[in-house]
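As structure tokens, the structure follows; a few thoughts come after it.
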Amino acid sequence: MDIDDIRNRAQGVAKGRVTAEELEFARSILLERRGDVGSALYIVGWCGSVSDAVLIESYLYGPERDLHGETALKALCRYLRLID
12 MDIDDIRNRA QGVAKGRVTA EELEFARSIL LERRGDVGSA LYIVGWCGSV
62 SDAVLIESYL YGPERDLHGE TALKALCRYL RLID
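For the sequence shown, the residue numbers in the working numbering are 12 to 95.
Here's what the structure looks like:
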């Protein structure tokens, strides 16, 4: 799967919807902590559900924080709409 294409569709930059399989692919990247984590955070943030918050939140701590913390925070707050 092309994670960049999936991210573009999730963000509305390209036409088309993100499929359930593509969303699971993005979740697997976050779970395994391998691959294009930044794109996966956007995809799960835009297309996921509130239950994905714990997975995304894990990127606010530890060594990933410096690299992916800002994107994870945006995914939690703006994209999953966990704040008003």
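Glycine included, C-beta positions come from ideal geometry on N, C-alpha and C.
Taking the straight line between their C-alpha atoms, what separation do you get for residue i and residue j?
{"i": "residue 18", "j": "residue 55", "result": "9 Å"}
{"i": "residue 23", "j": "residue 58", "result": "11 Å"}
{"i": "residue 29", "j": "residue 20", "result": "6 Å"}
{"i": "residue 67", "j": "residue 32", "result": "18 Å"}
Which stretch, first to last residue, makes up the alpha helix (DSSP H) that contains residue i?
{"i": "residue 58", "result": "48-58"}
{"i": "residue 76", "result": "75-85"}
{"i": "residue 64", "result": "64-68"}
Is the Cβ-Cβ distance between residue i and residue j less than 8 Å?
{"i": "residue 41", "j": "residue 82", "result": "no"}
{"i": "residue 16", "j": "residue 25", "result": "yes"}
{"i": "residue 65", "j": "residue 91", "result": "no"}
* To do: Pair every Cβ in the region 68-75 with every Cβ in the region 23-39, then say whether three or more of these pairs are closer than 8 Å.
  => no
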